[in-house]
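S.K.: Per our numbering, the very first residue in the sequence shown carries number 2; after that it's consecutive.
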Amino acid sequence: MFDLVDLTGLLVYSALDSNETDYEDGLIRAAAEALQVDAIVSYDKKAFKGSYIPRKTAAEVLARQSLGAPDE
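Here it is in structure tokens:
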């Protein structure tokens, strides 16, 4: 369900170039997009709006897992 990510220099530069207002959100987005993950789990409604990867709450992810729904 979760993976650890090695943040390389390229991801750091992508984070700096992103339109995320928060640098840490930019790092998360850059890593998520590089790895083509299914979703970014966050309760921050302002973050990741420019990403093609959907932002989901932990409750949404856990609800899908408990229903046995396949990953999107």
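Idealized CB from N, CA, C, for every residue including glycine.
What are the boundary residues of the alpha helix (DSSP H) that includes I29?
M.R.: For the purposes of this step, residue 29 is taken as residue 28 along the sequence shown, with counting starting at 1. Here the alpha helix (DSSP H) through I29 covers Y24 to L36.
S.K.: In terms of alpha-carbon separation, which member of D7, R30, V6 and L5 lies closest to L17?
M.R.: As a working note, residue 17 is residue 16 in the sequence shown. The candidate whose alpha carbon is nearest that of L17 is R30.
S.K.: Can you check which of these residues, L11, A60 and T58, is closest to L28 by C-alpha distance?
M.R.: Within the sequence shown, the letter at position 27 stands for residue 28. L28 has its Cα closest to that of L11, out of L11, A60 and T58.
S.K.: If we ignore side chains and look at the alpha-carbon of each, how far apart do E34 and S52 end up?
M.R.: The residue you call residue 34 lines up with position 33 of the sequence shown. The residue you call residue 52 lines up with position 51 of the sequence shown. Using only the alpha carbons, I get a separation of about 8 Å.
S.K.: Are there 16 or more other CB atoms within 10 angstroms of the CB of A60, so buried, or fewer, so exposed?
M.R.: Start at 1 with the first residue of the sequence shown, and residue 60 comes out as number 59. Exposed, since its Cβ has fewer than 16 Cβ neighbours within 10 Å.
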